[in-house]
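*Asks:*
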Amino acid sequence: MTQFTQNTAMPSSLWQYWRGLSGWNFYFLVKFGLLWAGYLNFHPLPNLVFAAFLLMPLPRYSLHRLRHWIALPIGFALFWHDTWLPGPESIMSQGSQVAGFSTDYLIDLVTRFINWQMIGAIFVLLVAWLFLSQWIRITVFVVAILLWLNVLTLAGPSFSLWPAGQPTTTVTTTGGNAAATVAATGGAPVVGDMPAQTAPPTTANLNAWLNNFYNAEAKRKSTFPSSLPADAQPFELLVINICSLSWSDIEAAGLMSHPLWSHFDIEFKNFNSATSYSGPAAIRLLRASCGQTSHTNLYQPANNDCYLFDNLSKLGFTQHLMMGHNGQFGGFLKEVRENGGMQSELMDQTNLPVILLGFDGSPVYDDTAVLNRWLDVTEKDKNSRSATFYNTLPLHDGNHYPGVSKTADYKARAQKFFDELDAFFTELEKSGRKVMVVVVPEHGGALKGDRMQVSGLRDIPSPSITDVPVGVKFFGMKAPHQGAPIVIEQPSSFLAISDLVVRVLDGKIFTEDNVD
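Heads up, the sequence shown is in my numbering, so the first residue is 2 and it goes up one at a time.
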């Protein structure tokens, strides 16, 4: 009888130590609100485990208080994990570069994270929680919602069924369509190596498909001839690699109708830069003669026939390297040399006018002056065949005018750059020089931002950042292209550029009476 009394009394004694979530209710309510608005990449199970840790009954009040102190860093880390903000690995890898930012630019970046509407909504939520908690056990509702979100994960990602989320559908991709997706102009797609993807978009399935993509890409390359034909016509190639310019940025700046875009012969409308940072973007472009590779493999030696400018050098083209900046930030110039295969000397930058200062305080040179110097230097070349890589960053986030700490207006900078490039095209037309100009942005500038990343943040290479405008223009042609540009709508990337170069290597496009 006594034993029975003790057993039935135990639940009653434990019940008195259930203290609820207290202030942590507000923590979870804020998360639910952000999830509803689409600002979180919510992880239901870790949050449920964290709630269980907070709710577990502890007899001693001192242990209960200690638990709250322990929970603070855990809660902060979990909140960060639930956001789209860069993870620890990304922060550590970019730490040295962030240290190079000017103080004014760092303050500018921090202020972009302040959303006054969101702060107002959180304040209203705080008042509502304080008011309702006088009569309602909020913990019950918080735990119920956490359980509900975890139940939903049994059928798929929870955000797919959360009211503000995007529907998560099964991705069905046939081998042919997948090959078309990765196909660029030229470079035969490897259809058989791209299996149909009918499984749910889980991490494992997506990684498996990505690996299949890399395996297929490894078999694709542009084939350069061993030598040029005897009647080949010499010409110059100028590749202009622009930082921070995407179709999304152009649209946000209201410059979609700028005359520059109508002056190209070929325009790519669906070109994927595959990255959101300058170093990897330049390496991918300089290795354009082979298919796409993983980010890690960019920093490993590639096959010799992958390096576009090296392939051209073997055919007698003189290499030139030109920059609208000093190339020191993040070891950019070093990466271009070591991983991109560009070994030529950096073109002289002495006395070039400085129109902007970078986010790190380094000089940004006037593009017109740099391009005019290129005209002068290459005109004096004994070799009439040349290939030049020009990297410029007047549109980079954080650039400001000398003596002004505030970031310069993007639209004004873009307008100036487009005007200057258009004027340079006019000069090339007048010169009569045979030149193939390829304009290829590194990546977008995330001018608009979205719910995952604030304006200027590019840790996640979203389509609005990697969908860049690419244009090709031929100067000095006997039969120049007339009318609107030829628009390439198919998905494409750097291999398309290499293949176009291969097609015109004999230079006859400049001398033929008719060009198809």
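All C-beta atoms, glycine included, are put in the ideal place defined by N, C-alpha and C. Every value quoted in this text rests on a predicted model; they were computed, and no experiment measured them.
Do you know offhand how far G280's Cα is from L126's?
*Replies:* Taking the first residue of the sequence shown as 1, we reach residue 280 at position 279. Taking the first residue of the sequence shown as 1, we reach residue 126 at position 125. Straight-line Cα distance between these residues: approximately 43 Å.
*Asks:* How long is the line joining the alpha carbons of L261 and A485, rounded to whole angstroms?
*Replies:* Against the sequence shown, residue 261 aligns to sequence position 260. Against the sequence shown, residue 485 aligns to sequence position 484. Rounded to the nearest angstrom, the two C-alpha atoms are 12 Å apart.
*Asks:* Enumerated in chain order, which unbroken segments of the beta strand (DSSP E) with a length of 3 residues or greater are wholly contained in the region 401-484?
*Replies:* The qualifying runs are 436-442 and 468-476.
*Asks:* In angstroms with no decimal places, state the Cα-to-Cα distance between K509 and K479.
*Replies:* Your numbering for residue 509 matches position 508 in the sequence shown. Your numbering for residue 479 matches position 478 in the sequence shown. Approximately 10 Å between the Cα atoms of the pair.
*Asks:* Quick check for students: name the residue ranges of the beta strand (DSSP E) that lie wholly in the region 343-386, counting only runs of 3 or more.
*Replies:* For the region 343-386, whole beta strand (DSSP E) runs of length 3 or above, ordered along the chain, are 355-358 and 364-366.
*Asks:* For C291, which residues does DSSP report across the bridge?
*Replies:* The sequence position of residue 291 within the sequence shown is 290, counting from 1. Answer is K222, bridged to C291.
*Asks:* Just how far apart, CA to CA, sit G21 and V31?
*Replies:* Indexing the sequence shown from 1 puts residue 21 at position 20. Indexing the sequence shown from 1 puts residue 31 at position 30. Rounded to the nearest angstrom, the two C-alpha atoms are 17 Å apart.
*Asks:* Which whole-angstrom value is the C-beta distance of F425 and L372, which I expect to be below 8 Å?
*Replies:* Walking along the sequence shown from the start, residue 425 turns up at place 424. Walking along the sequence shown from the start, residue 372 turns up at place 371. With 8 Å as the limit, F425 and L372 qualify as a contact, their Cβ atoms being about 5 Å apart.
*Asks:* Run through the region 23-79 for me and flag every whole beta strand (DSSP E) of 3 or more residues, listed as ranges in chain order.
*Replies:* Counting only runs of 3 or more, we get nothing.
*Asks:* Cutting at 6 Å between CB atoms, please list the residues of its own chain near P529, excluding the five before and the five after it.
*Replies:* The chain is shown from 2 up to 517; residue 529 falls before or after that span and cannot be answered.
*Asks:* Leaving aside the five residues before and after L322 along the sequence, list all residues of the same chain whose C-beta is less than 6 Å from its C-beta, in chain order.
*Replies:* To locate residue 322, count along the sequence shown from 1; it is residue 321. Hits under 6 Å: M343, S345, L347 and F390.
*Asks:* Where does the unbroken alpha helix (DSSP H) through L107 begin, and where does it stop?
*Replies:* As a first step, residue 107 must be located in the sequence shown, where it is residue number 106. Unbroken alpha helix (DSSP H) run through L107: T104 to R113.
*Asks:* Look at the alpha carbon of G193 and the alpha carbon of E380, and state the distance between them as a whole number of angstroms.
*Replies:* As a first step, residue 193 is located in the sequence shown; it is residue number 192 there, counting from the start. As a first step, residue 380 is located in the sequence shown; it is residue number 379 there, counting from the start. Only weak support is given to the placement of G193: the predicted model assigns it a pLDDT of 45, under 50, and the value that follows is read from those uncertain coordinates. Approximately 48 Å, taken between the alpha carbons.
*Asks:* Which whole-angstrom value describes the C-beta separation of K383 and F236, a residue pair presumed to lie in contact below a C-beta threshold of 8 Å?
*Replies:* Taking the first residue of the sequence shown as 1, we reach residue 383 at position 382. Taking the first residue of the sequence shown as 1, we reach residue 236 at position 235. K383 to F236, Cβ: 16 Å. No contact.
*Asks:* Considering only C-alpha positions, which residue in the set D398, T204, S223 and S277 is nearest to I466?
*Replies:* The count along the sequence shown starts at 1 and reaches residue 466 at position 465. Closest by alpha carbon: S277.
*Asks:* Between the Cα of N352 and the Cα atoms of P462, F360, Y366 and I461, which residue gives the shortest distance?
*Replies:* Reading the sequence shown from its first residue, position 351 is the one you call residue 352. Closest option to N352, Cα to Cα, is Y366.
*Asks:* From G143 to P202, what does the alpha carbon distance come to, in whole angstroms?
*Replies:* If you number the sequence shown from 1, residue 143 lands on position 142. If you number the sequence shown from 1, residue 202 lands on position 201. Note that residue 143 corresponds to Val in the displayed sequence, not to Gly. The alpha-carbon atoms of V143 and P202 are separated by roughly 28 Å.
*Asks:* For the beta strand (DSSP E) containing K270, list its first residue and its last residue.
*Replies:* Here the question's residue 270 lines up with position 269 in the sequence shown. Its beta strand (DSSP E) spans residues I267 to N273.
*Asks:* Considering only the beta carbon of each residue, do G446 and Y411 sit closer than 8 Å?
*Replies:* Start at 1 with the first residue of the sequence shown, and residue 446 comes out as number 445. Start at 1 with the first residue of the sequence shown, and residue 411 comes out as number 410. Yes, these two residues count as a Cβ contact at 8 Å.
*Asks:* Just mark R138 as buried or exposed, buried being the case when its beta carbon has 16 or more other beta carbons within 10 Å.
*Replies:* Numbered from its first residue, the sequence shown carries residue 138 at position 137. The residue is exposed, with fewer than 16 neighbouring Cβ atoms inside 10 Å.
*Asks:* Secondary structure at Q118, three-state DSSP: helix, strand or coil?
*Replies:* As a first step, residue 118 is located in the sequence shown; it is residue number 117 there, counting from the start. Q118: helix per DSSP, three-state reduction.
*Asks:* Using only the alpha-carbon positions, how far apart do N151 and V141 sit?
*Replies:* On the sequence shown, position 150 is the one that residue 151 refers to. On the sequence shown, position 140 is the one that residue 141 refers to. So the alpha carbons of these two residues sit roughly 16 Å apart.
*Asks:* Quick check on M57: buried or exposed, where buried means 16 or more other Cβ atoms within 10 Å of its Cβ?
*Replies:* As a working mapping, residue 57 is identified with position 56 in the sequence shown. So M57 ends up on the exposed side.
*Asks:* Taking the C-alpha atoms as reference points, what is the distance between H444 and S245?
*Replies:* Translated into positions along the sequence shown, residue 444 becomes position 443. Translated into positions along the sequence shown, residue 245 becomes position 244. Using only the alpha carbons, I get a separation of about 5 Å.
*Asks:* Just mark W25 as buried or exposed, buried being the case when its beta carbon has 16 or more other beta carbons within 10 Å.
*Replies:* Numbered from its first residue, the sequence shown carries residue 25 at position 24. It is buried - the Cβ of W25 has at least 16 other Cβ atoms within 10 Å.
*Asks:* What residues match up with F390 in a beta bridge as DSSP calls it?
*Replies:* The count along the sequence shown starts at 1 and reaches residue 390 at position 389. Answer by DSSP bridge pairing, in chain order: V240 and L322.
*Asks:* Would you kindly report the start and end of the unbroken alpha helix (DSSP H) that includes I146?
*Replies:* Walking along the sequence shown from the start, residue 146 turns up at place 145. Looking at the DSSP string, the run of the alpha helix (DSSP H) that includes I146 is I139 to L153.
*Asks:* Within the same chain, show all residues whose beta-carbon is closer than 8 Å to that of K315, passing over the 5 residues directly before and after it, in chain order.
*Replies:* Looking up residue 315 in the sequence shown gives position 314. So the qualifying residues of the chain are F225.
*Asks:* Counting only the same chain and skipping the five closest in sequence on each side, list residues whose C-beta sits under 8 Å from that of L147.
*Replies:* Counting from one through the sequence shown, the residue named residue 147 turns up at place 146. These residues qualify, in order along the chain: F29, P45, N48, L49 and A52.
*Asks:* What do you reckon, are the CB atoms on K449 and S258 nearer than 8 Å?
*Replies:* Counted from its first residue, the sequence shown places residue 449 at position 448. Counted from its first residue, the sequence shown places residue 258 at position 257. For K449 and S258, no; Cβs fall outside 8 Å.
*Asks:* Could you pull out every residue in the same chain whose Cβ sits closer than 6 Å to the Cβ of A185, ignoring the five residues on either side in sequence?
*Replies:* Numbered from its first residue, the sequence shown carries residue 185 at position 184. Its pLDDT being 40, under 50, A185 is placed unreliably in this model, and the value from its coordinates should be taken loosely. Cβ neighbours of A185 beyond the five flanking positions: S493, S494, L496 and A497.
*Asks:* What does DSSP give as the partner residues of I489 in its beta bridges?
*Replies:* Position 488 of the sequence shown, counting from 1, holds the residue named residue 489. Answer is F269.
*Asks:* Could you check whether R288 and A303 sit closer than 8 Å to each other, using their CB atoms as the reference points?
*Replies:* Within the sequence shown, residue 303 is the residue found at index 302, counting from 1. Within the sequence shown, residue 288 is the residue found at index 287, counting from 1. The answer is yes: Cβ separation under 8 Å.
*Asks:* Considering V516, what are the terminal residues of the alpha helix (DSSP H) in which it resides?
*Replies:* As a working note, residue 516 is residue 515 in the sequence shown. Looking at the DSSP string, V516 is not in any alpha helix (DSSP H), and its letter there is neither H nor E.
*Asks:* Based on Cα-Cα distance, which residue from K270, D398 and S363 lies nearest to S456?
*Replies:* Position 455 of the sequence shown, counting from 1, holds the residue named residue 456. Nearest option by C-alpha distance: D398.
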